[in-house]
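Here is the structure we will look at, set down as structure tokens.
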Amino acid sequence: MNAQTTMIKNYHQRTKHTLQHYAKGPETIDWDDQPDPFRYFSGCTRYALPAPGQALSVLFTELDQPQTITAHALNLKSVGLLLELSFGLSCWKGFDANRWALRCNPSSGNLHPTEAYLIATNHHFVPAGVYHYLSYEHSLEQRCQFHEPTTESAIFIGLSSIHWREAWKYGERAFRYCQHDIGHALGALRYAAASLGWSIDILFTAADTDIASLLGLNRQTDFIPKEHESPDVLCRIQIADHAPMAYLDIMALVAQATWFGTADSLRAYHLYDWPIIDDATLATEKSLTHEAPWLTTRQDPLPSHCEKTASQIIRQRRSAQQFDGKMSPLAHDKFFRILSATLPNAPAFGFWQMPPKVDLFIFVHRVDGLAPGLYVLLRETSRLPALQQACLSSFSWNKHHDDLAFYQLYTGDLKLIAKTLSCHQPIASDSAFSLAMVAEFDASLAITPWKYRQLFWECGLIGQILYLEAEAAEMRGTGIGCYFDDSVHEVLGLKDETFQSLYHFTIGKAREDQRLQTSPAYGHLQLKSS
Ligand SMILES: Cc1cc2nc3c(=O)[nH]c(=O)nc-3n(C[C@H](O)[C@H](O)[C@H](O)COP(=O)(O)O)c2cc1C
Numbered sequence: 002m003n004a005q006t007t008m009i010k011n012y013h014q015r016t017k018h019t020l021q022h023y024a025k026g027p028e029t030i031d032w033d034d035q036p037d038p039f040r041y042f043s044g045c046t047r048y049a050l051p052a053p054g055q056a057l058s059v060l061f062t063e064l065d066q067p068q069t070i071t072a073h074a075l076n077l078k079s080v081g082l083l084l085e086l087s088f089g090l091s092c093w094k095g096f097d098a099n100r101w102a103l104r105c106n107p108s109s110g111n112l113h114p115t116e117a118y119l120i121a122t123n124h125h126f127v128p129a130g131v132y133h134y135l136s137y138e139h140s141l142e143q144r145c146q147f148h149e150p151t152t153e154s155a156i157f158i159g160l161s162s163i164h165w166r167e168a169w170k171y172g173e174r175a176f177r178y179c180q181h182d183i184g185h186a187l188g189a190l191r192y193a194a195a196s197l198g199w200s201i202d203i204l205f206t207a208a209d210t211d212i213a214s215l216l217g218l219n220r221q222t223d224f225i226p227k228e229h230e231s232p233d234v235l236c237r238i239q240i241a242d243h244a245p246m247a248y249l250d251i252m253a254l255v256a257q258a259t260w261f262g263t264a265d266s267l268r269a270y271h272l273y274d275w276p277i278i279d280d281a282t283l284a285t286e287k288s289l290t291h292e293a294p295w296l297t298t299r300q301d302p303l304p305s306h307c308e309k310t311a312s313q314i315i316r317q318r319r320s321a322q323q324f325d326g327k328m329s330p331l332a333h334d335k336f337f338r339i340l341s342a343t344l345p346n347a348p349a350f351g352f353w354q355m356p357p358k359v360d361l362f363i364f365v366h367r368v369d370g371l372a373p374g375l376y377v378l379l380r381e382t383s384r385l386p387a388l389q390q391a392c393l394s395s396f397s398w399n400k401h402h403d404d405l406a407f408y409q410l411y412t413g414d415l416k417l418i419a420k421t422l423s424c425h426q427p428i429a430s431d432s433a434f435s436l437a438m439v440a441e442f443d444a445s446l447a448i449t450p451w452k453y454r455q456l457f458w459e460c461g462l463i464g465q466i467l468y469l470e471a472e473a474a475e476m477r478g479t480g481i482g483c484y485f486d487d488s489v490h491e492v493l494g495l496k497d498e499t500f501q502s503l504y505h506f507t508i509g510k511a512r513e514d515q516r517l518q519t520s521p522a523y524g525h526l527q528l529k530s531s
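Numbering (the numbering used here), first residue to last: 2 to 531.
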């Protein structure tokens with residue numbers, strides 16, 4: 002094992018929550034000191050995007066056949082929609098004098114460490130260059146201008162993380178949550194692109210240092226040191242009839258660009274330091290890789306009866322804070338539709354092109370036609386013998402579905418266990434079902450330590466699919482980052498690090514908090530212009 006792998010495995014061990022104590026985090030939190038969830042760059046030209054909130058006619062179920070959706074032309078309006086439906090605001094919530102924005106992409110603690118950048122290779126709709134997306138204003142801040150734009154119009158989206166925004170509340174475990182959020186953001190981007198008839202290529206080959214140069218994140222004097230952004234991922238947006246451009250071609254454009262602006266302070270006092278997050282970042286740095294894409298035959302998920310448009314589902318997505326523990330059971334077909342949408346050959350995963358490493362262990366509480374108990378959905382059937390070997394020998398492994406690798410393991414009421422495992426949170430037991438995402442851990446990290454981040458991205462992407470599928474099934478979901486890692490492993494019988502649980506999720510009938518007021522996502526822009 003090399004030093005980086007040892008480092009990241011130590012990080013993983015050290016940031017486990019246990020029944021006895023939580024991973025190291027701040028002892029006190031001053032809410033007035035919360036880092037600004039919106040990043041602004043001073044000294045950049047700002048381009049307002051067309052008014053947000055436009056409805057698209059594409060139905061959510063049509064996203065099952067993305068190739069049948071007519072591609073929108075590439076222009077400022079469609080790019081605005083892409084960014085809004087991925088990373089834009091979805092509403093404001095309020096309680097007494099406090100107001101906070103929610104976005105189309107979720108984030109642990111609503112802290113939003115993810116920043117999004119647009120790269121436009123020619124002057125087609127904005128001057129060619131790199132732009133930071135400012136979701137608060139729904140505008141683009143021009144970070145640089147290319148001097149030799151290409152003749153072809155192409156767009157790329159780059160994502161980065163401000164780890165400190167998350168660590169402010171969650172301390173050492175925050176690095177994990179930042180990676181989950183990237184997975185959610187990738188999912189959000191895919192759904193938004195598919196709604197416009199576009200698709201996404203994740204450029205997994207790109208080195209972190211290249212992504213940093215492309216997005217200007219390596220321009221150290223442009224950022225306050227503790228508020229720097231770490232490069233994560235680069236995506237090429239594929240629009241019908243546009244030839245794909247290699248990312249190395251945009252490296253050449255950036256090399257001769259003029260840069261503008263500096264990042265404003267996030268206006269927070271840096272009371273605590275979490276140096277282990279910098280160590281984890283370094284240990285999992287991605288270099289230029291040449292992994293062949295993992296390809297599979299695409300298969301339709303089981304049918305959905307949702308009649309809403311994709312943009313409605315995307316904008317209405319929220320996390321449930323409480324569930325109705327007396328709900329009537331979730332319909333059998335809805336349950337299996339939700340699960341089938343997370344499979345590696347389902348359309349929402351088509352752009353991942355990496356071998357699936359994550360399976361779902363499901364605590365069924367209230368699902369029509371299923372006895373309460375523990376089940377597993379294998380997203381890769383070849384893992385069956387290894388999981389059977391690793392899990393409790395008393396599990397029954399009764400196959401319970403004709404088309405899905407869905408097995409019943411144990412029958413019994415697991416509500417209390419599910420709640421306890423998820424840091425005593427009732428959202429894990431009052432729902433229709435909750436689940437643990439269990440990843441092939443050791444073997445993945447043996448390839449390269451950066452796979453640590455990719456495993457969390459895969460979990461985040463599954464989480465984003467679950468969020469939207471829950472809405473389409475007239476339910477609601479919530480990501481669960483707080484769980485007692487090794488207690489989950491103990492319940493499943495997992496004894497070493499061959500498999501590790503990396504994320505939890507829960508879906509049920511939400512109970513709304515009537516004390517909260519809701520206001521429109523971009524009402525503040527109308528107030529400003531009136
Ligand atoms: C990675 C991740 C972990 C989360 N963990 C929890 C959790 O443990 N408990 C919880 O109640 N909500 C959790 N959430 C939900 C967030 O609090 C929620 O996404 C955030 O407040 C924004 O609200 P929204 O999802 O309605 O936009 C998590 C979300 C994500 C993305």
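Each residue gets a CB set at the ideal place from its N, CA and C atoms; glycine is no exception.
Cβ-Cβ distance between residue 476 and residue 267 below 8 Å: no
Beta-carbon gap between residue 440 and residue 501 smaller than 8 Å: yes
Runs of alpha helix (DSSP H) wholly within the stretch 120-184 (minimum 4 residues, chain order): 164-171
Same chain only: Cβ atoms within 6 Å of residue 224, ignoring 5 sequence neighbours per side: 264
Alpha carbon of residue 119 to alpha carbon of residue 54, nearest angstrom: 20 Å
Assigned secondary structure, residue 338 (DSSP; H/G/I helix, E/B strand, else coil): helix
Buried versus exposed, by CB contacts within 10 Å (16 or more), residue 8: buried
Reduced DSSP secondary structure (H/G/I, E/B, other) of residue 279: helix
Buried/exposed call for residue 245, threshold 16 Cβ in 10 Å: exposed
C-beta atoms of residue 471 and residue 508 nearer than 8 Å: yes
From 400, 363, 166, 399, residue whose alpha carbon lies closest to that of residue 432: 363
Classification of residue 367 by the beta-carbon crowding that lies within 10 angstroms, buried from 16 upward: buried
Closer than 7 Å: residue 320 CB and nearest ligand 1 heavy atom: yes
Buried or exposed by the 16-neighbour rule on C-beta atoms within 10 Å, applied to residue 518: exposed
Cβ shell of residue 488 (< 8 Å), same chain only, five flanking positions each side left out: 19, 20, 421, 422
Cβ contact check for the stretch 229-242 and the stretch 198-212: 3 or more pairs under 8 Å: yes
Through-space distance from residue 51 to residue 182, alpha-carbon basis: 26 Å
Buried or exposed (CB count within 10 angstroms, at least 16 for buried), residue 129: buried
Residue ranges of each beta strand (DSSP E) within the stretch 451-489, 3 or longer: 477-481
Expected contact under 8 Å - CB spacing of residue 454 and residue 285 to nearest Å: 5 Å
6 Å CB neighbourhood of residue 254 in its chain, flanking five on each side removed: 147
Given 8 Å, three or more beta-carbon pairs between the stretch 299-319 and the stretch 339-355: yes
Touch test, the stretch 64-80 against the stretch 181-201, Cβ-Cβ under 8 Å, three pairs minimum: yes
Distance CB(residue 281)-CB(residue 174) smaller than 8 Å: no
Sub-8 Å separation of residue 144 and residue 127 beta-carbons: no
Three-state secondary structure assigned by DSSP to residue 321: coil
Euclidean distance between Cα positions of residue 227 and residue 177: 18 Å
Pairwise C-alpha distance: residue 323 and residue 427: 7 Å
Residue 312: CB within 7 Å of a non-hydrogen atom of ligand 1: no
For residue 223, three-class secondary structure by DSSP: helix
Contact belief for residue 532 with residue 180 at Cβ below 8 Å, rounded distance in angstroms: Residue 532 lies beyond the stretch modelled for the chain, which goes from 2 to 531, so this question has no answer here.
Residue 317 Cβ short of 7 Å to ligand 1 heavy atom set: no
Coil, strand or helix - residue 328 by DSSP: coil
Closest residue to residue 377 among 410, 274, 116, 251 (Cα-Cα distance): 410
Through-space distance from residue 78 to residue 483, alpha-carbon basis: 39 Å
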